[in-house]
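Enquirer: Letter by letter, the sequence shown follows residues 1 to 675 of the UniProt record's numbering.
Positions of the beta carbon are idealized from the N, C-alpha and C atoms, including for glycine.
There's a structure below that I have some questions on.
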Amino acid sequence: MAGVHILDTLPQPAPGNRMGPDEMRAALRMMLRIRQFETRAKDLFLKGVIKGTAHSSVGQEAIAAGACAALLADDFLLTHHRGHGHTIAKGSDLGRMFAELMGRATGYCAGLGGSMHIADFERNILGANGIVGAGMGLGTGAALAEQLNGTGNIGITFFGDGAANEGIFHEAMNLAAVWKLPLIFFCENNQYGLTTATEAVTAGPSIAARGDAYGVPNERIDGNDVAVVFDAVERAALRARAGEGPSLIEALTYRWDDHSMRANLPSYRAQAEEEAWKSRDPIPRLRARLAQASELEDTAFDAMVQDVATEVEEAIDWARDQAEPDMALAMSNVLPPATYTPSEPTAGSRMLTYRKAITEAFALEMEANENVIILGEDVGTTGGIFGLTPGLADRFGTERVRDTPISEGAMSTCGVGAAMRGKRVVVEAQLWDFVTLMMDAIVNQAAKARFMLGGKASVPIVFRGPQGAGIRLAAQHCQSLEMFFANIPGLQVYAPASAYDAKGLMAAAIADDGPVVFLEHKLLYLGGEQPVPEERYRIAPGRARIVREGSDCTVVATLAMVDRAVQAAERLERDGISVEVIDPRTIKPLDAETIRASVRKTNRAVVVHEAPLFGGFGGEIAATIQEQAFDWLDAPVARVGAPEMPVPYNDRLERDYMPDASRIAQAIKSVCYRR
1 MAGVHILDTL PQPAPGNRMG PDEMRAALRM MLRIRQFETR AKDLFLKGVI KGTAHSSVGQ
61 EAIAAGACAA LLADDFLLTH HRGHGHTIAK GSDLGRMFAE LMGRATGYCA GLGGSMHIAD
121 FERNILGANG IVGAGMGLGT GAALAEQLNG TGNIGITFFG DGAANEGIFH EAMNLAAVWK
181 LPLIFFCENN QYGLTTATEA VTAGPSIAAR GDAYGVPNER IDGNDVAVVF DAVERAALRA
241 RAGEGPSLIE ALTYRWDDHS MRANLPSYRA QAEEEAWKSR DPIPRLRARL AQASELEDTA
301 FDAMVQDVAT EVEEAIDWAR DQAEPDMALA MSNVLPPATY TPSEPTAGSR MLTYRKAITE
361 AFALEMEANE NVIILGEDVG TTGGIFGLTP GLADRFGTER VRDTPISEGA MSTCGVGAAM
421 RGKRVVVEAQ LWDFVTLMMD AIVNQAAKAR FMLGGKASVP IVFRGPQGAG IRLAAQHCQS
481 LEMFFANIPG LQVYAPASAY DAKGLMAAAI ADDGPVVFLE HKLLYLGGEQ PVPEERYRIA
541 PGRARIVREG SDCTVVATLA MVDRAVQAAE RLERDGISVE VIDPRTIKPL DAETIRASVR
601 KTNRAVVVHE APLFGGFGGE IAATIQEQAF DWLDAPVARV GAPEMPVPYN DRLERDYMPD
661 ASRIAQAIKS VCYRR
């Protein structure tokens, strides 16, 4: 019977804990409130009032009540899919919680997040999370923000035993230890990661003991004893507030219900095991302790139970009466409104390279706003392997231009957490291919946070790095991945092809209150100087640039393909073909109007991108033209892209792989000479 023997090895409560009778009675009331909330939520789910799913924390109430009692109001909290108890214990309103579970507009997340994503920013609850272990990475970022701001606040991130086997556990623990972040890692070991026993999939003597590898103080405690939980969290909190860094607590407990309310799984736990754990129910244990100390009469307990039941029923009745969100409300929460004034000054005669233009944007934004920080591998003293951040660490300090471990999962989720806590973060993927190791942070966290948290979260973060082929770095260092991100609501995708645009769009990306994927091309790093204003300016996304005017064919090209499209246009001019070249500058939002107007003028279109043709950006542009300018077309839209293969290492094959001016010119001719 997996797990039963653990009961014999639980530590005994430390004598002289700091919870007095008043605190224990308050904790008991809180545990009753959580228990009643979860019990009634399950009833409502079975009746179809709560839909989807929810995850009950019945049996684990002592952890929420004890841990949150040791936190201060300004301390932050991150939790997981089984997080109702934590949010209630931190002070969230039961009515708004029930409203969220019922999908109502007055719920904490406007009915858009549901059980797994409840957040209460007024109480510094930064959100529950449906991605296993994500809160640990986000917690490092939130803690970094508190550390940089010198607030003295700390945070706690709750996670389950299953999350201890995720890579983010180790990445976040290492990062927190290296930077001495004020963060408590709290593992609720409820013995099962869905249906698989923890001991069957977890190596080592304990989850807590894993902290030793990172020099993180750790302990394993009885998670069903509220006073023990409180004491452990208070010790960890004192260390964190003193600048001594993170702690790891593993609390042994047990969930009484199945993994989720929706789960209808075959029996996987022995009855004797369930009974043994239920005999350690934290609520009667605390009641008995208070009764034995003559600190709680039966009548007082009964009144407490009745008060809680009334409170919960009133919350349910209120939530039932609330309206559901509509599509307009939902759409308004996808992207934040613009908060800056864009401008496009005259380029002038001052010359900068593409790389130096981006560096200058960093410097100007960091000088103007002390909340701008840069995270990445070798971005500090080295200045980045492609030289995008040289001198910034000397100028602004290594606290703000911060070298991270080679740990893409940690640096990216840390960036999201710091952004949610008020920083404006630039995260560098040293090579854009490595962004595949950041996908959870970008796709599930940054892109969705504002929406699933009901419009409360601002996530001003830029994920940037060099993509594309041309310098013979082979298949894992040369990909063009823009369409990965263009398909994700909540993300913007910028792709500047000139030094002028690179500076202005980077400034705009940093100023945006939502996440931006900022694509740079390695070949553009190698280009010569171009006119760039010295002043600080921000280019609004979604405004294409007409690079070259023409009348016979429109070519839409991105990044390094823009220059090649211009080369093709110049060649064809000798043949009497006038080509208009458009650089969208941002892939999302897309300036469809400029493209449409051009096609109405030229009656022909070619789209060029470096990524493989299938599923590429060209298909989206072609569909847009088909929908909005079909009546003006004299030929089908042609597309030019890479073949369906990874980028080859051989230099000749790499040149053949990338679209060049000759292939673009051939495509233009094919639409201009079509009969």
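Are the beta-carbon atoms of residue 508 and residue 541 separated by less than 9 Å?
Expert: yes
Enquirer: So, using beta-carbon positions, are residue 358 and residue 493 closer together than 9 Å?
Expert: no
Enquirer: Counting along the chain, where does the beta strand (DSSP E) carrying residue 467 start and finish?
Expert: That run of the beta strand (DSSP E) goes 461 to 467.
Enquirer: Can you check which of these residues, 332, 484, 178, is closest to residue 214 by C-alpha distance?
Expert: 178
Enquirer: Can you give me the C-alpha to C-alpha distance between residue 402 and residue 375, rounded to a whole angstrom?
Expert: Each residue's alpha carbon lies about 5 Å from the other.
Enquirer: Based on Cα-Cα distance, which residue from 460, 380, 336, 437 lies nearest to residue 372?
Expert: That would be 460, whose Cα lies nearest to the Cα of residue 372.
Enquirer: Can you say whether residue 238 is buried or exposed, counting buried as having 16 or more other CB atoms within 10 angstroms of its CB?
Expert: exposed
Enquirer: Leaving out five residues before and five after residue 379 in sequence, what residues of the same chain have Cβ atoms less than 7 Å from its Cβ?
Expert: 389, 401, 403, 428
Enquirer: For residue 521, write down the residues that DSSP places opposite it in a beta bridge.
Expert: 467
Enquirer: Using the three-state DSSP reduction, which class does residue 505 fall into: helix, strand or coil?
Expert: helix
Enquirer: Express the C-alpha separation of residue 154 and residue 228 in angstroms, rounding to a whole number.
Expert: 20 Å
Enquirer: Quick one: any contact between the segment 171 to 190 and the segment 248 to 256, if contact means 3 or more CB pairs under 8 Å?
Expert: At 8 Å Cβ cutoff, the stretches touch.
Enquirer: Keeping to the same chain, check which residues put their C-beta closer than 6 Å to that of residue 47; ignore five residues upstream and five downstream.
Expert: Around residue 47: no qualifying Cβ.
Enquirer: Short of 7 Å in beta carbon distance, which residues of its chain neighbour residue 125, apart from the five on each side in sequence? Order them along the chain.
Expert: If we look at residue 125 and ignore the five residues flanking it on each side, its Cβ neighbours are 77, 87, 90, 92, 119.
Enquirer: DSSP on residue 424, reduced to helix/strand/coil?
Expert: strand
Enquirer: Using only CA atoms, which one of 635, 572, 341 lies nearest to residue 504?
Expert: 341
Enquirer: Please check the pair residue 28 and residue 290, which I expect to be a contact at CB under 8 Å, by giving their CB distance rounded to whole angstroms.
Expert: 7 Å
Enquirer: Between the alpha carbons of residue 578 and residue 553, how many angstroms are there, rounded?
Expert: Those two C-alpha atoms are separated by around 7 Å.
Enquirer: How would you call residue 354, buried or exposed, if buried means at least 16 neighbouring beta carbons within 10 angstroms?
Expert: Note on residue 354: 16 or more other CB atoms within 10 angstroms of its CB, so buried under the neighbour-count rule.
Enquirer: Look at the Cβ atom of residue 173, then the Cβ atom of residue 216, and state whether they are nearer than 9 Å.
Expert: yes
Enquirer: Quick check: residue 519 and residue 470, are their CB atoms within less than 9 Å of each other?
Expert: no
Enquirer: Please report the distance separating the alpha-carbon of residue 147 from that of residue 529.
Expert: 40 Å
Enquirer: Per DSSP, what kind of secondary structure is residue 659 in: helix, strand or coil?
Expert: coil
Enquirer: State the DSSP-derived secondary structure class of residue 683, mapped to helix, strand or coil.
Expert: The structure shown does not extend to residue 683, since the chain is modelled only from 1 through 675, so no value can be given for it.
Enquirer: Can we say the segment 155 to 170 touches the segment 384 to 399, given the rule of at least three CB pairs closer than 8 Å?
Expert: no
Enquirer: Given a cut-off of 9 Å on the beta-carbon distance, is the pair residue 670 and residue 638 in contact?
Expert: yes
Enquirer: So the candidates are 39, 622, 362; which of them puts its Cα closest to the Cα of residue 258?
Expert: 39
Enquirer: What residue from 642, 550, 344, 561 has the CA that sits closest to residue 532's CA?
Expert: 344
Enquirer: Pop quiz: residue 496 and residue 585 are said to be a contact at Cβ under 8 Å. What is the actual Cβ separation, rounded to whole angstroms?
Expert: 6 Å
Enquirer: So within the segment 595 to 632, which uninterrupted beta strand (DSSP E) runs reach at least 3 residues, ignoring any that extend past its ends?
Expert: 605 to 612
Enquirer: Locate the alpha helix (DSSP H) running through residue 57, then write down its first and last residues.
Expert: First-last for residue 57: undefined, no H or E at that position.
Enquirer: Using the three-state DSSP reduction, which class does residue 218 fall into: helix, strand or coil?
Expert: strand
Enquirer: Going by DSSP, what residue range makes up the alpha helix (DSSP H) through residue 88?
Expert: 84 to 89
Enquirer: Are the segment 135 to 146 and the segment 191 to 201 in contact at 8 Å, needing three or more beta carbon pairs?
Expert: no
Enquirer: For residue 300, name the three-state secondary structure that DSSP assigns.
Expert: helix
Enquirer: Sort out for me which residues DSSP pairs residue 248 with in a bridge.
Expert: 185, 218
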